[in-house]
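Here's the structure, in structure tokens; my notes come after.
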Amino acid sequence: MRGIILKDLYDNFCIPKNAAFYIFGALAISIGFFIPSEYYYVLISGVILPLFGCCALKSPTEQEESSSFNKLLITFPNSKAQIVTAKYLLGLGFVILFNFLALLWSMVQVYTHHTIRLTEALRIWGIGISISLLFLAVIYVGFFLLGKRNGTIFFITITCLIAVVWGASSALLGIQTILSCSPGLVICLIFSGAVMIVLSCLVSIGIYSRRYSTGTKNRY
Amino acid sequence: MDYAIQVKNLTKTYKDFTLDNISFDLPCGTVMGLIGENGAGKSTFINALLNITSAQYDQVTILGHDLNTQIKLIKEDIAVIFSDSHYELSFTPLFVGKMLSKVYKNWNQKKYLDYLKRFGLPEKKRLKKFSIGMRVKLEFAAAFSHDPKLLILDEATTGLDPVVRNEILDITREYAKGKDRTVLMSSHIANDLDRIADYIACIHEGKLLFIRAYDELQNNYGIINCSRQFLDTLSPDDIAAYRKEAYNYRVLVSNRQKLKSVFTDVWIENASIEDIILFYTKGEKIR
Chain A
202 MRGIILKDLY DNFCIPKNAA FYIFGALAIS IGFFIPSEYY YVLISGVILP LFGCCALKSP
262 TEQEESSSFN KLLITFPNSK AQIVTAKYLL GLGFVILFNF LALLWSMVQV YTHHTIRLTE
322 ALRIWGIGIS ISLLFLAVIY VGFFLLGKRN GTIFFITITC LIAVVWGASS ALLGIQTILS
382 CSPGLVICLI FSGAVMIVLS CLVSIGIYSR RYSTGTKNRY
Chain B
10 MDYAIQVKNL TKTYKDFTLD NISFDLPCGT VMGLIGENGA GKSTFINALL NITSAQYDQV
70 TILGHDLNTQ IKLIKEDIAV IFSDSHYELS FTPLFVGKML SKVYKNWNQK KYLDYLKRFG
130 LPEKKRLKKF SIGMRVKLEF AAAFSHDPKL LILDEATTGL DPVVRNEILD ITREYAKGKD
190 RTVLMSSHIA NDLDRIADYI ACIHEGKLLF IRAYDELQNN YGIINCSRQF LDTLSPDDIA
250 AYRKEAYNYR VLVSNRQKLK SVFTDVWIEN ASIEDIILFY TKGEKIR
């Protein structure tokens, strides 16, 4: 599994165009860091950083399909479940990393910029974690099911959908409503995200195993 | 362990193609050439052996391990090179080594770097800048560096120029000289197998037509150019297949030495692997 994780990291950061995606994203986010506004804080901490955490599978899927590396990958001494699990572990690693950055950003907002209070920041951070888990769960199934091209279309569609939902809810409900949502709701959302990740992983193992299905013995 | 591969009644059915009841045993330390035209079922068979595609079988044992229950153990000790699946073009040989060192328990990085040097492959250049021959050599370097007991080549020489193909065959032959190292090599280029195979298995339209020792094919098979009357005098047991030409018949006989002693004045040509395959797949049989 370590070999697969290493390969996926390479695909994400050692290919210039993929590395450029992260560098560009980091630059775009860092501009928001200098704007002390509740709106930008929630957008970056609760939406953009968590979404970045779900990009770990996009580049490896592209690279694997363009050279049909998947077939060779199956000849490595890993089970199909391990191959899929390795990809989910890296995805979760990304989610943890980007949500950690979101937490750091929240602390800067609370203690340096004084844009929001600690309780509000933690709520937004919690919403961000749940969004990243739910998004990861849905997007990964999409990539395993649809492959590179359609998976990317699916990825963009879901991202746009989240952006629309975010835009509509902040316009209709207002930022204050989002900042003051109940902690119970946030915990429920995180729990749902965790359950969804497990289900998503199982479904993806099923999809992957079916694509490269195991042998069956003759029955007499 | 006597056999590297044991297959009993392996069948794979698609809508328009069936790999039909394949059974054979491949002794350890030998090279088997799996030959057949494009679409004959060679790759389907190899994919089934590697669990890449589903198949029905009574028993498949590789290196003494059951395919159904011990696939991970099998994969530790095999190396596979495909014609249609390669390392990602963004990789460098150095990264391939780093990745595989985390994949195989018995990966030998020093051996891998030695192979890279020997094959003249730059360590830090991305594979997209390599020629096809260089990429195939890299796959061989990677394959040999975890000391596999079984090497499976699925049309690995396809698309290579004759010089590189020869080099690859030399490399394969050198590997096969090692103790208890077995090679299963599929190809539709008979000449490739002529150079290295101990056994030849021929697949045609999903069926295993024959599996014979290479020496047996070389020593026992021959071709007679003759008339219809002469063909009729031959025993059906000696005729593997025949083909009607414009003015005569070409007969593939499976008992050349015996026929030579019986028909002392008849010239019996040596049959190449390609001839034998052509007769078996395109020739007619005496019923």
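As given, the protein sequences belong to chains A and B, one line each in that order.
According to the numbering used here, the residues represented by the first sequence are 202 to 421, in order.
According to the numbering used here, the residues represented by the second sequence are 10 to 296, in order.
Glycine residues also receive a C-beta, built at the ideal position from the N, C-alpha and C atoms.
- Linking B/V89 to A/G254 through their CA atoms gives a straight-line distance of about 34 Å.
- With a threshold of 16 other beta carbon atoms within 10 Å, B/K158 meets it and is buried.
- If you look at A/V248, you'll find it isn't in any beta strand (DSSP E); DSSP assigns it neither H nor E.
- Under the DSSP assignment, A/L346 falls in the alpha helix (DSSP H) whose first and last residues are 319-373.
- About 4 Å separates the Cβ atoms of B/A280 and B/Y230, confirming a contact at the 8 Å cut-off.
- When 9 Å is used as the limit between beta carbons, B/F104 is near these residues of chain A: L207, K208, Y211, C215, in chain order.
- For B/R135, no beta strand (DSSP E) run applies, since DSSP gives it neither H nor E.
- B/F219 sits away from B/A250, with the two beta carbons spaced by 7 Å or more.
- Per DSSP, reduced to three states, the secondary structure at B/R190 is coil, with no helix or strand assignment.
- According to the DSSP assignment, A/C402 belongs to the alpha helix (DSSP H) that extends over 384-412.
- Judged by beta-carbon spacing, A/S260 lies within the 7 Å limit of A/D212, meaning their Cβ atoms are closer than that value.
- Look at the segment 42-54 of chain B: it has no residue with a C-beta under 7 Å from a C-beta of chain A.
- Taking a Cβ-Cβ cut-off of 9 Å, the neighbours of A/S269 in chain B comprise F91, D93, S94, H95, given in sequence order.
- Distance from the CA atom of B/D247 to the CA atom of B/L82, rounded to whole angstroms, is 44 Å.
- Judged by beta-carbon spacing, B/L98 lies beyond the 7 Å limit of B/A57, meaning their Cβ atoms are not closer than that value.
- For A/S370, the closest Cβ of chain B is not nearer than 7 Å.
- Of the other Cβ atoms in all chains shown, fewer than 16 fall within 10 Å of the Cβ of B/Y23; this residue is therefore exposed.
- As computed with DSSP, A/E239 is found in no beta bridge at all.
- When DSSP states are grouped into helix, strand and coil, B/L19 belongs to the strand group.
- Non-local C-beta neighbours of A/V387 in its own chain, meaning closer than 8 Å and more than five positions away in sequence, comprise R324, G327, I328, S331, ordered along the chain.
- Here B/D189 is exposed: its Cβ has fewer than 16 other Cβ atoms, across all protein chains shown, within 10 Å.
- For A/I236, the number of other beta carbons within 10 angstroms of its own is below 16, and it is reported as exposed.
- One finds K272, I275, Y413 in chain A with Cβ atoms closer than 7 Å to the Cβ of B/I61, taken in chain order.
- Within the DSSP secondary-structure output, B/S270 pairs in no beta bridge.
- As summarised for the segment 178-249 of chain B, the continuous alpha helix (DSSP H) elements at least 4 residues long and confined to that stretch are 199-205, 223-229, 237-242, given in chain order.
- In this structure, A/I317 is the residue among A/I317, A/I224, A/N271 with its C-alpha nearest to the C-alpha of A/S238.
- At a beta-carbon threshold of 7 Å, the residues of chain B lying near A/R203 are K111, ordered along the chain.
- Note that the C-beta distance between B/S195 and B/E164 is below 7 Å.
- A residue is called buried when at least 16 other Cβ atoms come within 10 angstroms of its Cβ; A/S370 does not meet this threshold and is exposed.
- Restricted to the segment 67-155 of chain B, the beta strand (DSSP E) segments that are unbroken, complete and at least 3 residues in length are 68-71, 87-91, listed in chain order.
- Contact annotation for B/E85 against chain A: P278 [CB-CB distance below 7 Å, chain order].
- Contact residues of the segment 370-389 of chain A toward chain B are absent (C-beta to C-beta distance below 8 Å).
- Counting of Cβ neighbours within 10 angstroms places B/T39 among the buried residues, the total reaching 16 or more.
- What B/K216 touches in chain A, judged by beta-carbon distance under 7 Å, is nothing: the nearest beta carbon there is about 18 Å away.
- Not flagged as an interface residue toward chain A: B/K137, since no C-beta distance is shorter than 7 Å.
- Look at B/S32 here: in three-state DSSP terms it is strand.
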